[in-house]
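Below is one structure, written out as structure tokens, with a few remarks after it.
2 protein chains.
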Amino acid sequence: MIAVSVVFVAAASICTLTSAQTFQRLALGCVLPPDQADFLAGQYFDIRLEVHAPVNGSEANGGVPDPEFTFTIAKADEPAQAAATYFEISEPLLEQWNFTWYEDLFAQDAHTPSVVRVTSKIYRRVALYEPGEYVATLTYYNGTTTVANWLVRALQEQKRAKNVILFIGDGMTTNMITAARLIGHKSINGKYQSKLQMDKFPVLGHQMTHSLDSYVTDSANSACALYSGHKTSVNAMGVYADSSADPFDDPKVETLVELLTRIWGSAIGIVSTASVADATPIALTGHSRSRYTYGSLVDQALHGVTNYTWTKYFGPDVFFGGGAEQFIPGSGSYQGKNYYTEFSDAGYTVSLNKTSMQEVSNDTKALGVFCTSHLPVWLDRNIYTDVLSTNKNDPSGNKKPALDLPGLKDMTLKAIDILVARGVEKGFFMMSEAASVDKQMHALDYDRALGDLLELDDTIKATIEKLKALGELNNTLILVTADHGHGFDVFGSADTEYLSSKTNDREKRNAIGVYQNSGLSQYTVTNASISYNTGVNFPANWDPRYTLAQGVGAHPDVRENYRVHKSPRVPATNITGFPANDYFVNPEDNPDGIIVNGTIPTYEAQGVHSLTDVPVFAMGPCQELFGGVYGNIDIFFGMAECLGLARGSNATG
Amino acid sequence: MIAVSVVFVAAASICTLTSAQTFQRLALGCVLPPDQADFLAGQYFDIRLEVHAPVNGSEANGGVPDPEFTFTIAKADEPAQAAATYFEISEPLLEQWNFTWYEDLFAQDAHTPSVVRVTSKIYRRVALYEPGEYVATLTYYNGTTTVANWLVRALQEQKRAKNVILFIGDGMTTNMITAARLIGHKSINGKYQSKLQMDKFPVLGHQMTHSLDSYVTDSANSACALYSGHKTSVNAMGVYADSSADPFDDPKVETLVELLTRIWGSAIGIVSTASVADATPIALTGHSRSRYTYGSLVDQALHGVTNYTWTKYFGPDVFFGGGAEQFIPGSGSYQGKNYYTEFSDAGYTVSLNKTSMQEVSNDTKALGVFCTSHLPVWLDRNIYTDVLSTNKNDPSGNKKPALDLPGLKDMTLKAIDILVARGVEKGFFMMSEAASVDKQMHALDYDRALGDLLELDDTIKATIEKLKALGELNNTLILVTADHGHGFDVFGSADTEYLSSKTNDREKRNAIGVYQNSGLSQYTVTNASISYNTGVNFPANWDPRYTLAQGVGAHPDVRENYRVHKSPRVPATNITGFPANDYFVNPEDNPDGIIVNGTIPTYEAQGVHSLTDVPVFAMGPCQELFGGVYGNIDIFFGMAECLGLARGSNATG
């Protein structure tokens, strides 16, 4: 391991925060899992220790990291033991590396990095079986200590639900749900004539999404929290982020899917409208400091972790989504191999379009990769379908458009058929993700985001009906939640004719109706000249004169006319050419709109994630575990309790 | 009644929406309460009928409204009866008036109003006692009908809770709660070391806040929904809005406080950090088409409705807040009378400061008016106290500053003492409002809004402790909710030193840290040089270098530097002088900040309300009624069920 520059994307996580805010590094002494970590009894994890010696900068201490540090574990009031003794493993070798980082933005502008030298050890694949409190102590520099207080939660070894389905609306907030309901469901005098399926769930909770290193999370580390009960750093999954350069040597935590495979052998389904290598689906089995190591993560999804001894894993029973780049042999695939062939050789039937997917036998493992990149969104698959033929996203890689595309509902219902058939009495777990709620919010393409939110709700409704028909509804815990938010809301209506007719921005702004001038939703009023014909619970008209005035507080320079975009939106572009990441209003986006200058760094071309707690809707066995307000890790512990995944000894697996 | 121009503030509500969006009027035939209205069995209400004859405009029909219209009521499958027969009252007289309105913004710009002639009747103080569905039918123009389907909900005549406390964080959203928790509660490695009191409530719900005439509500009509189970129009309370000019002749609905007084004689407490005449407190007993009829509404708060036969009401037991303008004799008070004297003459002890309030006997009715306008916010009463002496808000009207001011907690705890003493076995109802969450969000003064949100939470915590000490906790349903939202969220951090050091806006924007660069909350880190000393669960530092990057999507022209404002914020001003309502960035606000041009009409000087569903936290008897997703009217029906306020006959009251 060698020196690395720790900036932006590769910023290290923290045990205790050093003084910087924008840039972070581990403290002088660091234990990972860190102080305040919670564990499922019997869950595998690695322990990384680091001792830092800053060479320069505000904490410079001579630059010689202690190679003689010691580490002990103590349960409750029992005496502390050397970790190798406690876990009955041999003492790991000492590792050493250097890295550099910036203490703040002024240091970055001045190109004055700080250098840190590191000594480190890692204890691999250990577990704590007995519930209770533990104290893990790192001692270094002749008596300095870093103490981590750990909690192993109470045991639940019995299953209370045969199946669990976790729906994730990526980036979905209560505000978006409110807006989607308004455009998709008819209201008379303030009373809705129908509700969203998620509105009908009996239990509601809020989860706090903050990550270890930041109060605003990304989808990788929030997925890690949801799937493993361990919060990590932005862009990491299935590992705590250490300061070394290698993204695959970081200390791992065992995921729900690995636990479920090891303990019950249940069927596993992973469905997403994103690339299957995208953070939310791939974090179910992925262990990497970087969510961008796509090819390796797809290999882990099939073969499990192979560089270290870890839970055996041989791929999900259902794996549906986009992301052909990691399957077509070449630069995007792991070691350049053909992953269609790899999956096929491992017993998977492989579908590259909706028709083929629906004909697949329910008895074999199924891989479905329907396009390169992410799946086209509901609005383009159902309303503005001309968009589809402009794509070059055929999953074979032939640069032709993928036209025979499933939606989230198609994939999810087929997955249930397979999971019920293959899970039999062992039950199943499925994660089904509406990924483009997030992706289209990033693009400030609110209609496309809300369309995919309504598609998610339609999928949940169809799932409940299907489970009922299969006799599995009462056996199944269904959760609907998100991984983080975007700061979206609706603040009125826009008279798009008036807005377009005016020639200066201040006059255009008077087209916005607020309070009583917001009026009522025109999206549910049938437009005689256009048949949208997408069924109830979707808008009857996507392009009314009076639209939602909606937006976010954090955005690049944009121009808004509040009309539906007939092709996917690109709000900001680099119009000057230099520097490379310097974004202004896209000259082609909404030329008749109101320009609003940006509120985030000029190198951001899109909207960004936000702080807000996100909703959790629960129905089925254990639903009562998901009411009230709690952390994202509690979703993992709730599912683990419901599935009886804790173990008080290492007799299993 | 004479012709009135129906524009902006005075826009009429709808039964069925006419074609316009920004401007609205009642349909050709109109029944109020309208189609889809729900009723508590035995709840008093008035019925307004209107028949419209547009003289010109897109619906012109000759301009002669039908004077011969008829109106019938039918329960379920029973035969329809003339309403006067059904309710055993005499047929009301025919009324006639005209009004004008604009069909859209183009018509407004062209000054081409449409004229509508109206015939109308109103049936006053009726009630439906038998649960079930009713059909109300207005027949006009030789057979045209407007049908209203009404539902009287199931009866609950028995009390399940002795007391109900309804806390309202005006404008408070989940996003704001998340941000307040982040600045007020310490987190270690992503795990909070303490939580908000509201986080600990066992039941969580979401309420939809839409009003009758608009999907974005104001605080008057949302208060009407919460307190009476009837959604009305923006700026109306306790009435459905008809199209006549008189704001006091509109059809009324009976409120929770009126029902509780009539049926159980319980003690009533009304506490707010706003003027007591502001919409949220005054709507508990107010009946007016216009929330701006402050003096009249204060008179109603003391004497009840006096212009028509209605539920007898003699004022709340506790009435604490600001708003001295309506008490000091003069232009702000009803008929120029001295309302301190009016209340005193009615048996109230009157307090004009905190010291006096705290010394009041718990046995008598108490009025506390602590300043003109709204109470100064928590941040100014506790941190930036120099602000207080710059005010001219003494409640005596002497133009001196009010300095001996209670906060929400002081007022609420004293109110409980009085309500417990006066309610005795009859129990009590209290509404306690943190009004400036909303008011400071309007001013885009996020720190002041979040400070008042934390004060609300601190008040809830102290309330629970006090009820426990008084032996009343298990008798009391506590609800915490809001009336609407603002589109607020946090999207990262701001390095205020870096931002301030740069000279152009694009460079300043790079001070914003998003995702991992958001880092951790610096508000909970003690600042050695400043003692804030406001106790746990409030920020240890309101002015750190790294602040929250936060904002809304809907705002006037503003300039943001993301620092705390040491005096209350005024984001936009009229710098050109003409036209009168034309707002630009306030030159004195954040001169070192980033300018962001507005997204709402240029005549709006502040941020505006938003669409989002808002949270409901419930604990105590009947808490289970408040889980899941429902309308704001269901809060009323839940409280009414818990308090046993339905009546199956007119034997009571």
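As they're listed, the protein sequences go chains F and S.
With my numbering applied, the first sequence corresponds to residues 128 to 780, in that order.
With my numbering applied, the second sequence corresponds to residues 128 to 780, in that order.
Glycine included, C-beta positions come from ideal geometry on N, C-alpha and C.
Inter-residue distance for residue 347 of chain S and residue 423 of chain F is about 57 angstroms (C-alpha atoms, whole angstroms).
Closest in C-alpha terms to residue 264 of chain F, from the list F:172, F:161, F:291 and F:326, comes F:161.
Residues of chain S with a Cβ closer than 7 angstroms to the Cβ of residue 640 of chain F are, in chain order, 148 and 149. Residue pairing from DSSP places residue 476 of chain F in a beta bridge opposite F:493. Cβ-Cβ distances below 6 angstroms link residue 684 of chain F to 699, 711, 712, 724 and 725 in the same chain, with the five nearest sequence neighbours on each side left out; the list follows chain order. In the structure shown, residue 231 of chain F falls within a coil segment according to DSSP collapsed to helix, strand and coil. Collapsing the DSSP output to three states places residue 197 of chain S in a strand.
Check the Cα spacing between residue 295 of chain S and each of S:695, S:337, S:606 and S:676: the tightest is with S:606. Beta-bridge annotation (DSSP): residue 209 of chain F is paired with F:199.
Beta-bridge partners of residue 505 of chain S (DSSP): none assigned. For residue 546 of chain F, the CB contacts under 7 angstroms within the same chain, skipping 5 residues up- and downstream, are 394, 396, 444, 445, 555 and 557 in chain order.
For a Cβ distance threshold of 7 angstroms, residue set 301, 302, 305 and 616 of chain S lies close to residue 739 of chain F, ordered along the chain. Under the three-state reduction of DSSP, residue 553 of chain S is assigned to helix. Residue pairing of residue 451 of chain S in beta bridges, as defined by DSSP: absent, with no partner found.
Residues of the segment 705–739 of chain S with a Cβ closer than 9 angstroms to any Cβ of chain F, in chain order: 709, 721, 722, 723, 724, 725, 726, 727, 728, 729, 730, 731, 734, 735, 736, 737, 738 and 739.
Exposure of residue 703 of chain S is indicated by the presence of fewer than 16 other C-beta atoms within 10 angstroms of its C-beta.
The DSSP-derived three-state label of residue 178 of chain F is strand. Annotated three-state conformation of residue 750 of chain F is helix, per DSSP. A contact between stretches requires three or more CB pairs, one per stretch, nearer than 8 angstroms, and the segment 747–754 of chain S meets this requirement with the segment 599–616 of chain S. Judged by beta-carbon spacing, residue 455 of chain F lies beyond the 8 angstroms limit of residue 428 of chain F, meaning their Cβ atoms are not closer than that value. Your pair residue 414 of chain F and residue 425 of chain F does not check out as a contact, with CB atoms roughly 13 angstroms apart and the cut at 8 angstroms. Counting only runs of 4+ residues, the alpha helix (DSSP H) found wholly inside the segment 519–553 of chain S occupies 535–550, in chain order. Taking a beta-carbon distance threshold of 8 angstroms, residue 566 of chain S does not count as an interface residue toward chain F.
In this structure, the straight-line span from the alpha carbon of residue 496 of chain S to that of residue 220 of chain S is close to 42 angstroms. Sequence-distant partners of residue 343 of chain F (beyond 5 residues in either direction) whose C-beta falls short of 7 angstroms from its own C-beta, in its chain, are 736, 737 and 738. Within the segment 645–673 of chain F, 645, 646, 647, 648, 649, 672 and 673 place their CB atoms closer than 8 angstroms to a CB of chain S, listed in sequence order. In terms of CA proximity to residue 613 of chain F, F:576 leads the group F:629, F:576 and F:150. Distance from the CA atom of residue 166 of chain S to the CA atom of residue 671 of chain F, rounded to whole angstroms, is 34 angstroms. Membership of residue 421 of chain F in the alpha helix (DSSP H) is indicated by the continuous run 421–430. Going by DSSP, residue 573 of chain S is part of the alpha helix (DSSP H) stretching over 573–597. Cβ proximity to chain S below 7 angstroms picks out 337, 338, 339, 340, 341, 342, 343, 345 and 358 from the segment 337–359 of chain F. Within the segment 619–634 of chain S, the residues whose Cβ lies closer than 9 angstroms to any Cβ of chain F are, in chain order, 619, 620, 622, 624, 625, 628, 632, 633 and 634.
Taking C-alpha positions only, residue 382 of chain S is separated from residue 351 of chain S by approximately 8 angstroms.
Cβ atoms of residue 561 of chain F and residue 535 of chain F come within 8 angstroms of each other, at about 6 angstroms.
In terms of CA proximity to residue 336 of chain F, S:618 leads the group S:639, S:628, S:618 and S:460. At least one CB of chain S lies nearer than 8 angstroms to the CB of residue 161 of chain F.
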